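In the numbering used here, the protein residues as written are 306 to 443.
The structure appears right after this line, and notes come after that.
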Amino acid sequence: MSRVLIIQSSCSWSRRSFSGKKAQKNKALVGDMVFRQKPELHGRVGIGLVSLMFLAIAGILAAGFFYLYQVNSIATKGYELKDLENKIQEAQKDINKLKIREVELKSMYNIEKATEDLNLITSLNITYLDAKSPVAMK
Numbered sequence: 306m307s308r309v310l311i312i313q314s315s316c317s318w319s320r321r322s323f324s325g326k327k328a329q330k331n332k333a334l335v336g337d338m339v340f341r342q343k344p345e346l347h348g349r350v351g352i353g354l355v356s357l358m359f360l361a362i363a364g365i366l367a368a369g370f371f372y373l374y375q376v377n378s379i380a381t382k383g384y385e386l387k388d389l390e391n392k393i394q395e396a397q398k399d400i401n402k403l404k405i406r407e408v409e410l411k412s413m414y415n416i417e418k419a420t421e422d423l424n425l426i427t428s429l430n431i432t433y434l435d436a437k438s439p440v441a442m443k
């Protein structure tokens, strides 16, 4: 006596004892083997524990790399900001030095000293023009 068992891709079988009282909807007995039909997924994808753990680890790694990138970027911007602040302070010091130099050069002492160095003479007889005179109008 021979038994023929045809197994399709959506079915599986296992060797177990089977009792008629414990019969379930999708099981059938062929000899001493239990024949179970696998449930159809109908387009749904099942995610197992391993896949879920893989996704969790990948998410944690991605978040870690993103965190490191952001920390590095912020640290770099901090150094650039500190460098620019130092340049601003140096420029302000230069501006203050130039203002002091300007005041020194505009002082009367320096102007009188420059007149002596350039051999300029002081004018003793000063004449002013009247704004209403015809010479001043030309």
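From the three backbone atoms N, C-alpha and C, an ideal C-beta is built for every residue, glycine too.
These numbers come from a predicted model, not from an experiment.
Can you list, in chain order, the stretches of the alpha helix (DSSP H) that have 4 or more residues and sit fully within the segment 405-430?
Scanning the segment 405-430 from its first residue to its last, the whole alpha helix (DSSP H) runs of 4-plus residues come out as 413-422.
Would you identify the three-state DSSP class for residue 435, choosing helix, strand or coil?
Residue 435: coil per DSSP, three-state reduction.
Is it true that the CB of residue 409 sits closer than 8 Å to the CB of residue 401?
Contact flag unset, no.
Between the C-alpha atoms of residue 391 and residue 398, what's the straight-line distance to the nearest angstrom?
Going from the Cα of residue 391 to the Cα of residue 398 covers about 11 Å.
Quick check: the Cα distance between residue 423 and residue 403, rounded to an integer number of angstroms?
Note on geometry: alpha-carbon atoms of residue 423 and residue 403 lie some 24 Å from one another.
Near residue 394, what residues of its chain come up, given a Cβ to Cβ distance below 7 Å and the 5 sequence neighbours on each side ignored?
Once the five neighbours on either side are set aside, residue 394 has no close Cβ partner at all.
Straight-line Cα distance separating residue 417 from residue 405
Distance between the alpha carbons of residue 405 and residue 417 is about 19 Å.
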